[in-house]
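Everything on this sheet refers to the single structure shown next.
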Amino acid sequence: AQSVTQLGSHVSVSEGALVLLRCNYSSSVPPYLFWYVQYPNQGLQLLLKYTTGATLVKGINGFEAEFKKSETSFHLTKPSAHMSDAAEYFCAVTLSNFGNEKLTFGTGTRLTIIP
Amino acid sequence: GAVVSQHPSWVICKSGTSVKIECRSLDFQATTMFWYRQFPKQSLMLMATSNEGSKATYEQGVEKDKFLINHASLTLSTLTVTSAHPEDSSFYICSVLRRGSEQFFGPGTRLTVL
Numbered sequence: 001a002q003s004v005t006q007l008g009s010h011v012s013v014s015e016g017a018l019v020l021l022r023c024n025y026s027s028s029v030p031p032y033l034f035w036y037v038q039y040p041n042q043g044l045q046l047l048l049k050y051t052t053g054a055t056l057v058k059g060i061n062g063f064e065a066e067f068k069k070s071e072t073s074f075h076l077t078k079p080s081a082h083m084s085d086a087a088e089y090f091c092a093v094t095l096s097n098f099g100n101e102k103l104t105f106g107t108g109t110r111l112t113i114i115p
Numbered sequence: 116g117a118v119v120s121q122h123p124s125w126v127i128c129k130s131g132t133s134v135k136i137e138c139r140s141l142d143f144q145a146t147t148m149f150w151y152r153q154f155p156k157q158s159l160m161l162m163a164t165s166n167e168g169s170k171a172t173y174e175q176g177v178e179k180d181k182f183l184i185n186h187a188s189l190t191l192s193t194l195t196v197t198s199a200h201p202e203d204s205s206f207y208i209c210s211v212l213r214r215g216s217e218q219f220f221g222p223g224t225r226l227t228v229l
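Chain order of the listed sequences is A and B.
Counting with our numbering, you get residues 1 to 115 for the letters of the first sequence.
Counting with our numbering, you get residues 116 to 229 for the letters of the second sequence.
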């Protein structure tokens, strides 16, 4: 079984400051890891994903995340926050075995940008 | 453009009535779709996996007789909330699985049961 822990249900950063959203995972096999963003009353949009290969993954809107197996982490970062980044962010994990694509989501982190 | 659509985007119904939510894959044929429920300020919880041409697989604790899922074609899955009650009020989101790739999420349906 797999699980995801997102530390910090609420994160506030100033516009232009570094964004760091934390995600730790637990998985019995090599995981596939995802970060999604959700704006109010909308579905989820994929920011980035890690499957295999390069551990530093770049996504949309200037976000990136680094897969660190030794730390079982997949933290999301962005060098400079924009007001439009205010949203709910979800980390998710699935097993890498083909056919087992159930996603397990973290509890989410609400990002607030301070003008 | 959108890969997945849901209809309706919001619905209000009286307690005891049934509500049907449609999820359509717009760009590709999907043998597998997922249905999630999200309560306010909470994460997404998987309700069931919908497989075209076979019965849906429900997660533990989800009543299959209350949440009827029909995956009638490779582009359409429906979720029917039967005899809805106020506690069923939630945001329902579907996703479509592209094999070897990822899940694509619909925009969600807001259900309010009075």
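Even for Gly, the Cβ is constructed at its ideal location relative to N, Cα and C.
Using a C-beta cutoff of 8 Å, does ARG139(B) count as contacting chain A?
no
Are there three or more Cβ pairs, one per stretch, closer than 8 Å when the stretch 217-228 of chain B is compared with the stretch 196-207 of chain B?
yes
Who pairs with ILE113(A) in a beta bridge, going by DSSP?
VAL13(A)
Minimum Cβ-Cβ distance from SER2(A) to chain B less than 8 Å
For the sequence presented, residue 2(A) should be read as Gln rather than Ser. No - not a single Cβ of chain B is within 8 Å of the one on GLN2(A).
Ends of the beta strand (DSSP E) at ILE136(B)?
134-140
Any beta-carbon of chain B closer than 8 Å to the one on THR52(A)?
no
Taking all protein chains shown into account, do 16 or more other C-beta atoms lie within 10 angstroms of the C-beta of THR52(A), making it buried, or fewer, making it exposed?
exposed
Would the beta-carbon of LEU177(B) fall within 8 Å of that of VAL134(B)?
The displayed chain sequence assigns Val, not Leu, to residue 177(B). It is not a contact, given that the beta carbons lie outside the stated cut-off.
What is the DSSP secondary structure of GLU66(A), counted as helix, strand or coil?
strand
Within 10 angstroms of the Cβ of HIS75(A), are there 16 or more other Cβ atoms? Answer buried if so, exposed if not.
buried
I believe GLU167(B) touches SER188(B) by the beta-carbon criterion, under 8 Å. Please report the beta-carbon distance rounded to the nearest angstrom.
7 Å
Around the Cβ of LYS78(A), are there at least 16 other Cβ atoms within 10 angstroms (buried) or fewer (exposed)?
buried
Compare the C-alpha of GLN6(A) against each of SER70(A), LEU21(A), MET83(A) and PHE67(A) and name the closest.
LEU21(A)
Would you tell me roughly how many angstroms separate the C-alpha atoms of ARG152(B) and LEU103(A), rounded to the nearest one?
13 Å
If the cut is a Cβ gap below 7 Å, which residues of chain A does GLU84(B) touch?
Outside the displayed range of chain B (116 to 229) lies residue 84(B), so it cannot be described from this structure.
Sorted by chain position, which residues of the same chain lie with C-beta nearer than 8 Å to GLU64(A)'s C-beta, five sequence neighbours on each side aside?
LEU48, LEU56, VAL57, LYS58, LEU76, THR77 and LYS78
Using a Cβ cut-off of 8 Å, pull out every chain B residue sitting near GLU64(A), in sequence order please.
Simply none; closest approach about 17 Å.
Whole-angstrom distance between TYR36(A) and VAL126(B), CA atom to CA atom:
25 Å
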